[in-house]
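Asks: Residue numbers (my numbering): 34 to 108. Below is one structure. I have some questions about it.
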Amino acid sequence: MEYVLLAVVLGTNVFLYLQHRDKDKIIKDLTNRLTSRNAGEYAMYNNQQKPAEPLETRSPMSWHDDPNVLEVDDK
34 MEYVLLAVVL
44 GTNVFLYLQH
54 RDKDKIIKDL
64 TNRLTSRNAG
74 EYAMYNNQQK
84 PAEPLETRSP
94 MSWHDDPNVL
104 EVDDK
């Protein structure tokens, strides 16, 4: 019985810690946004926290999307 109670208390503490950590991240982001003088300074704060993600490229969905295909006039 004590092990079940210990597991419940431990699970509750982990859950509350994760919630608190997420709220701290949100508060830090809002503080940086509020204290920055312009958008460039805010972007500088964000670049320090997150690494750059590679740009995603997509394959063309049709011949109309492909810039390498020559256009043909159907007259």
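Even for Gly, the Cβ is constructed at its ideal location relative to N, Cα and C.
(1) Residues in the same chain with beta-carbon distance under 7 Å from residue 75, minus the five sequence neighbours each way, listed in chain order, please.
(2) Tell me whether residue 34 sits in a helix, a strand or coil according to DSSP, three-state version.
(3) Taking only the alpha-carbon atoms, compute the straight-line gap between residue 39 and residue 47 and give it to the nearest angstrom.
(4) What would DSSP say about residue 66, mapped onto helix, strand or coil?
(5) Where does residue 46 fall in DSSP's three states?
(6) Short of 6 Å in beta carbon distance, which residues of its chain neighbour residue 58, apart from the five on each side in sequence? Order them along the chain.
Replies: So, from the listed chains and residues:
(1) Cβ within range, chain order: 65, 66 and 69.
(2) coil
(3) 12 Å
(4) In the three-state reduction of the DSSP assignment, residue 66 falls in the helix class, which pools H, G and I.
(5) helix
(6) none
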